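Numbering (the numbering used here), first residue to last: 2 to 126.
Glycine included, C-beta positions come from ideal geometry on N, C-alpha and C.
Note that the structure is a prediction, hence the values are computed from the model and not measured.
Structure, as structure tokens:
What follows is the structure in structure tokens.
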């Protein structure tokens, strides 16, 4: 999820996914699930039996992602899933891509690659 609105919509979606699947804001189950593993589409289990979203949030401007970091669901996301810059690109693609966001592109791609690898490794027989 990218940029201001994408992060806000994403945060609302993850709140809804948690409610639908019985996952608390800290990433643990309210009741241990039965044989229903439909939540695994949206969440991955960590070694500490916590469930984190299969998502990366990126915004060069920190305000909205800081709301996620300090909000009700702050414990749900791993810090590596929340990528921010130090200043906004002011709705200017060239400024975001070539100057203020240049170093964040590789970081975001790397985090996405790692996230996808956790999915594909688990899917192999």
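Beyond the five residues adjoining it in sequence on each side, residue 83 comes within less than 7 Å, by CB distance, of 58, 66, 69, 70 in the same chain, given in chain order. A straight-line Cα-Cα distance of about 31 Å links residue 72 and residue 95. For residue 83, the three-state secondary structure derived from DSSP is strand. By the neighbour-count definition (other C-beta atoms within 10 Å, threshold 16), residue 22 is a buried residue.
Of the residues 101, 6, 11, 5, the one whose Cα lies closest to the Cα of residue 55 is 11.
Proximity to residue 113 across 103, 81, 87 peaks at 81, based on C-alpha coordinates. Selection 44, 101, 97 evaluated against residue 27 yields 44 as nearest (Cα-Cα). Residues 50, 51, 52 of the same chain have their beta carbon placed closer than 8 Å to that of residue 29, with the five preceding and five following residues left out of the count.
Separation of residue 13 and residue 20 (C-alpha to C-alpha, rounded to the nearest whole angstrom) is 11 Å.
For residue 15, the closest of 63, 118, 78 by C-alpha to C-alpha distance is 78. Buried is the label assigned to residue 24, since at least 16 other Cβ atoms lie within 10 Å of its Cβ. Short of 6 Å from the beta carbon of residue 111, and not among the five residues preceding or following it, lies no beta carbon of its own chain.
Between the alpha carbons of residue 119 and residue 106 lies a gap of roughly 20 Å.
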